[in-house]
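Taken in sequence, the protein lines are chains A and B.
Oh and the first sequence: position 300 is 300 in the working numbering, straight run, nothing missing.
Heads up: take any position in the second sequence, counting from 1, add 1000, and you land on the working numbering.
Glycine included, C-beta positions come from ideal geometry on N, C-alpha and C.
Here's the structure we're looking at; comments come further down.
2 protein chains.
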Amino acid sequence: MTASMFTTDPHTGDRRDTGIIPTDAAGVIAATTTAAAAFAVTRASSRTWRAGLLRALADGLERHRAALIEAAVAETGLTAARLDGEVSRSAFQFRLFADAVQEGGYIEAIIDHAGTTELGPAPDVRRMLVPIGPVAVFGASNFPFAFSVVGGDTASALAGGNPVVVKAHSSHLVTSQRSFVALAEAAERYGAPTGLIGIVYGQQAGALLVADPRITAVGFTGSLATGQILQEIIAAREAPIPFFGELSSVNPLVITTGALRERTATIAAGLFASVTGSAGQLCTKPGIALVPAGAAGDVLVAAVVALAEASTPQTLLNERIHEAFGDIRSRLVHDGRARPLIASRSGENGFSRSAEVLEIDAAAFSSAAAEEAFGPLVLIVRYESVSDVRAVLTAIPHSLTATIHSAPAEDVQRRDLTDAARDVAGRIVYDGFPTGVRVSWAMHHGGPWPATNTQHTSVGVTAIRRFLRPLAWQDAPTDVLPEELRDGPAALPRRVDGMLVLPPGS
Amino acid sequence: MTASMFTTDPHTGDRRDTGIIPTDAAGVIAATTTAAAAFAVTRASSRTWRAGLLRALADGLERHRAALIEAAVAETGLTAARLDGEVSRSAFQFRLFADAVQEGGYIEAIIDHAGTTELGPAPDVRRMLVPIGPVAVFGASNFPFAFSVVGGDTASALAGGNPVVVKAHSSHLVTSQRSFVALAEAAERYGAPTGLIGIVYGQQAGALLVADPRITAVGFTGSLATGQILQEIIAAREAPIPFFGELSSVNPLVITTGALRERTATIAAGLFASVTGSAGQLCTKPGIALVPAGAAGDVLVAAVVALAEASTPQTLLNERIHEAFGDIRSRLVHDGRARPLIASRSGENGFSRSAEVLEIDAAAFSSAAAEEAFGPLVLIVRYESVSDVRAVLTAIPHSLTATIHSAPAEDVQRRDLTDAARDVAGRIVYDGFPTGVRVSWAMHHGGPWPATNTQHTSVGVTAIRRFLRPLAWQDAPTDVLPEELRDGPAALPRRVDGMLVLPPGS
Chain A
1 MTASMFTTDP HTGDRRDTGI IPTDAAGVIA ATTTAAAAFA VTRASSRTWR
51 AGLLRALADG LERHRAALIE AAVAETGLTA ARLDGEVSRS AFQFRLFADA
101 VQEGGYIEAI IDHAGTTELG PAPDVRRMLV PIGPVAVFGA SNFPFAFSVV
151 GGDTASALAG GNPVVVKAHS SHLVTSQRSF VALAEAAERY GAPTGLIGIV
201 YGQQAGALLV ADPRITAVGF TGSLATGQIL QEIIAAREAP IPFFGELSSV
251 NPLVITTGAL RERTATIAAG LFASVTGSAG QLCTKPGIAL VPAGAAGDVL
301 VAAVVALAEA STPQTLLNER IHEAFGDIRS RLVHDGRARP LIASRSGENG
351 FSRSAEVLEI DAAAFSSAAA EEAFGPLVLI VRYESVSDVR AVLTAIPHSL
401 TATIHSAPAE DVQRRDLTDA ARDVAGRIVY DGFPTGVRVS WAMHHGGPWP
451 ATNTQHTSVG VTAIRRFLRP LAWQDAPTDV LPEELRDGPA ALPRRVDGML
501 VLPPGS
Chain B
1001 MTASMFTTDP HTGDRRDTGI IPTDAAGVIA ATTTAAAAFA VTRASSRTWR
1051 AGLLRALADG LERHRAALIE AAVAETGLTA ARLDGEVSRS AFQFRLFADA
1101 VQEGGYIEAI IDHAGTTELG PAPDVRRMLV PIGPVAVFGA SNFPFAFSVV
1151 GGDTASALAG GNPVVVKAHS SHLVTSQRSF VALAEAAERY GAPTGLIGIV
1201 YGQQAGALLV ADPRITAVGF TGSLATGQIL QEIIAAREAP IPFFGELSSV
1251 NPLVITTGAL RERTATIAAG LFASVTGSAG QLCTKPGIAL VPAGAAGDVL
1301 VAAVVALAEA STPQTLLNER IHEAFGDIRS RLVHDGRARP LIASRSGENG
1351 FSRSAEVLEI DAAAFSSAAA EEAFGPLVLI VRYESVSDVR AVLTAIPHSL
1401 TATIHSAPAE DVQRRDLTDA ARDVAGRIVY DGFPTGVRVS WAMHHGGPWP
1451 ATNTQHTSVG VTAIRRFLRP LAWQDAPTDV LPEELRDGPA ALPRRVDGML
1501 VLPPGS
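Here it is as structure tokens:
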């Protein structure tokens, strides 16, 4: 008999038997086969039906809230308050996506009627985005709800009309199982086909899932290294499929002299909170802060150091992250030539770690100092000029975000910094902090390689686009056209003969 | 001194010195460096400026029409009439894209104002698509204008605000050079920066171009094999970039019993014209026609054979295609077990080939019979039932198009066939032929692997999306926001706080 899997209590390091058996090859095939069967149903479902499904999933999630948080507290070391917020966020996300599905703009319906053009007679052509098929979703360790079984990839794949098979993250297995049960139960009550939502456990099952010919796309949030392993599996498939990876991010943050003059204490407090929130394990954590050289910058650095010294250690998610954090800190000091500013650490136990503040001069900054450190660590880079800032930004791997703190009057400098930031990030934050990613229509959570490997977002309504593909119908009789592409008034925005047309009454 | 390059007259097989020298490594670097410098200008250009640029390029193309056609007739073996139409198409495309750029919907502008949500206070977030950077475009042999220097990839990359460096196709070098001069001259007259449009020659230059760190995306129309070589170069880059490949397509076409009853002669004539147009060298050529077994089907097959026997040989584009055509025909007969229906061929010379009609029963059909044959060849598959059709469609590599000919009353069968077609193609054509790809808003010219490797089109307005990436601004002061994302009335459609808003006066 196959042994069941363990998770570890990050507070103590104790291992615990979850009773969950790794999914074998037959189990993976069963999951993808029922997913493919479910797709035959969901692809033909109306937008109204699908919006209802998403709302039912939000309700199901909230019904199971207590059991979900209980499991995640034990498995992740994150606080109940943080986890409660994450469940709310995922429920909100399902409902926001339900609104988007109902509204219909996301399918990009376009109708070009037949006619005579400059190039001669032209056929009737109609296009919309259609679901791609069963999607594999890989949960991330750091967001047991927002980027795992019930998170953004699952919500956007389902919103698009696709079944989902999740690979549970090994460091929160029970949380994943309970999350799956919450969704599967709600889907069944709603009358959704079996197989709409599936789950597999274990690394080998994950590899088989990505290789399975019934899987048509992969959503992944995790490390660059694991992302590359999955991409190699995809490259070896007979038919390669899109891989949407959110892979790594250093998230530079720049503070100008004007900003320091105006609000040093506020920035120090905000920066420290953003660096150490959720034990610094957010993909948008500002890992590098660029601070002016000189006395005003010294005051800011001293304030951040004082906050770090007064703080208590925080528990990291698992042993791997705990080990890696120490290793990366050592590399930043020895290879990256950064100066540690926190003298002594105390009270660490289990997988806990104290906040770390390192410092380096811009002139000494190299790519060896630009490594992402997952955990409560910030590297402060002291700069003399905007051209120093440009040079440092160029040496940092492209990121999900870049942040600029400036004073209102510094318009020239702010434009220069914006110009430098737009090439290296997917979202530019002003006078705030990049952690806390709003789930909304305009959010972009993506960035140039290696932040992500695509031109898409994994947060916000436009994340649905990843799991859709265009399909065109030419000179089609009405009876084969989807409702959204038939002539006459339609309950969604469409582009008709080049003109955008809103639905009646909007 | 490096020897200049030759092209071959496909009518005679004679080689001709073009006087064009292969671009060396320094030349590639010069092209990408000036493209990167041009990007600093074009990325900041207004939509109005860019629309004007596209119109100027259309005008420039038309000014050079005679010289372009003259070069292409000599290098490609295509007729002057076909080439004239292709120049018109490319000019039309620049103007259509100018309209789209002016209208502005393609940038997907979204504004979410700050506010209090169920999840607490939320920041102001604004998102739009921005240009990606210098784009490498690989010309295709079969469309010296529509899919080469002045074609869809160039037009969509420029429309998005990106510079372009074209790798000239080796079989129409002079045509490519003249096309480049036409665009570069028009761009310069318009006041565009040097480097907005560049060109390199030779296979080695193409490889260096794809590897160049200043290149941010690749547009390619060509063979699966070459596409895979380019993808390997991309995989070896420090930063991988998106590769948009239009790679192969068999384009199945299904004819029902009802359609035969109604219009056998019309279908036979249309099918033959579609198979042999431009010597069968269109990516949307219907390579496999599914025809009912039995007497009615026999009549159709006999009609197609009669048309083929009465036709004269056509000149193929180059020696490689000419050789490959013979090889593929042999494989279809020997490995694929197809029966040749054309007894004898005569009058072939240079790179010319007679039309070929092969036949096979659905029961004998295998993937060995499903190879794309670039040239005037159609394989007719005789079927007994819709489930035969499904089985054959499953064995054919996914394609750009699938076509269904049916009679109006056959609604059940048409829905079944549509259902089978949607998984294997990007465009479904009814009662018509897939060749002739309308350049319009709704067109989709793409399909599941191996037709293309992405969820995008290379024809039509939505092709512009390939060369854009999202960028979000959070809590940004107005002075750093692009005009399109500022508050107040805007001259483009936008989504504001979840609601789609049309520009005033539309």
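- Close CB contacts of Ala-91 of chain A within its chain, under the 6 Å cut and outside five residues either way in sequence, are with Ala-58, Leu-61, Glu-62 (chain order).
- Counting only residues of its own chain and dropping the five nearest sequence neighbours on each side, Gly-1151 of chain B has a CB closer than 7 Å to the CB of Ser-1090, Phe-1143, Phe-1145.
- Pro-397 of chain A is positioned such that its CB atom lies no closer than 8 Å to that of Asn-251 of chain A.
- Using a Cβ-Cβ cut-off of 8 Å, Ile-107 of chain A does not count as an interface residue toward chain B, since no Cβ of chain B sits closer than that to its own.
- With the rule of 3 Cβ pairs closer than 8 Å, the stretch 1302-1322 of chain B counts as touching the stretch 1344-1355 of chain B.
- When secondary structure is reduced to three states using DSSP, Gly-1245 of chain B falls in the strand class.
- The continuous stretches of beta strand (DSSP E) do not include His-1011 of chain B, and DSSP gives it neither H nor E.
- Assignment of beta-bridge partners to Asp-335 of chain A by DSSP yields no partner.
- At a cut-off of 8 Å, the C-beta of Pro-1123 of chain B has a neighbouring C-beta in chain A.
- Among the residues of the stretch 1437-1459 of chain B, those with a Cβ less than 7 Å away from any Cβ of chain A are Arg-1438, Ser-1440, Trp-1441, Ala-1442, Met-1443, His-1444, Gly-1446, Trp-1449, Asn-1453, Gln-1455, Thr-1457, in the order of the chain.
- Between the alpha carbons of Val-254 of chain A and Ile-1029 of chain B lies a gap of roughly 32 Å.
- Inclusion of Ser-1148 of chain B and Ser-1171 of chain B in the CB contact set at 8 Å is not warranted, their separation being larger than that value.
- For Ala-1122 of chain B, the closest C-alpha among the options B:Ser-1506, B:Asp-1497, B:Pro-1503 is that of B:Asp-1497.
- Between Arg-331 of chain A and Glu-371 of chain A, the gap from beta carbon to beta carbon is short of 8 Å.
- The Cβ atoms of Phe-272 of chain A and Asn-318 of chain A do not sit closer than 8 Å to each other.
- Listed by position along chain B, the residues whose Cβ is nearer than 8 Å to that of Phe-92 of chain A are Thr-1117, Glu-1118, Leu-1119.
- Listed by position along chain A, the residues whose Cβ is nearer than 8 Å to that of Ser-1088 of chain B are Glu-118, Leu-119.
- Distance from the CA of Ala-44 of chain A to the CA of Gly-191 of chain A, rounded to the nearest whole angstrom, comes to 14 Å.
- Between the beta-carbon of Gln-1177 of chain B and that of Ile-1069 of chain B there is about 14 Å, and that puts the pair past the 8 Å contact cut.
- Contact with chain B is found for Trp-473 of chain A, since one of that chain's Cβ atoms lies less than 8 Å from the residue's Cβ.
- Only those residues of the stretch 233-251 of chain A whose C-beta falls short of 7 Å from the nearest C-beta of chain B are listed: Ala-239, Pro-240, Pro-242.
- Secondary structure in the stretch 1172-1221 of chain B: the alpha helix (DSSP H) runs of 4 residues or longer, each lying completely within the stretch, are 1173-1190, 1203-1211 in chain order.
- Contact check between the stretch 1424-1438 of chain B and the stretch 452-460 of chain A: fewer than three CB pairs, one atom from each, fall below 8 Å, which does not count as touching.
- Per DSSP, the unbroken beta strand (DSSP E) holding Val-381 of chain A starts and ends at 377-383.
- Listed in chain order, the beta strand (DSSP E) elements of length 3 or more contained wholly in the stretch 419-468 of chain A are 425-430.
- What Leu-500 of chain A touches in chain B, judged by beta-carbon distance under 9 Å, is Glu-1103, Gly-1105, Pro-1493, Leu-1500, Leu-1502, Ser-1506, going in chain order.
- Across the structure, Thr-266 of chain A and Leu-400 of chain A are spaced so that their CA atoms are roughly 24 Å apart.
- Within the stretch 45-95 of chain A, the runs of alpha helix (DSSP H) that reach at least 4 residues and sit entirely inside it are, in chain order, 47-63, 65-76.
- Secondary structure note for Ile-1233 of chain B: it is in no beta strand (DSSP E), and the uninterrupted alpha helix (DSSP H) holding it is 1224-1235.
- Excluding five sequence positions before and after Ile-110 of chain A, the CB atoms of its chain that fall closer than 6 Å to its own CB belong to Arg-127, Arg-495, given in chain order.
- With respect to the C-alpha of Arg-1465 of chain B, the residue from B:Thr-1154, B:Ala-1407, B:Thr-1175 having the closest C-alpha is B:Thr-1154.
- Per DSSP, the beta-bridge partners of Thr-116 of chain A are A:Pro-121.
- An exposed status is given to Ile-229 of chain A, since fewer than 16 other beta-carbon atoms sit within 10 Å of its beta-carbon.
- Residue contact check for Ala-476 of chain A against chain B: a CB pair falls below 8 Å.
- When rounded, the separation of the alpha-carbon atoms in Thr-452 of chain A and Phe-1097 of chain B is 29 Å.
- Interface flag for Val-1389 of chain B against chain A is unset, since no Cβ pair is found closer than 8 Å.
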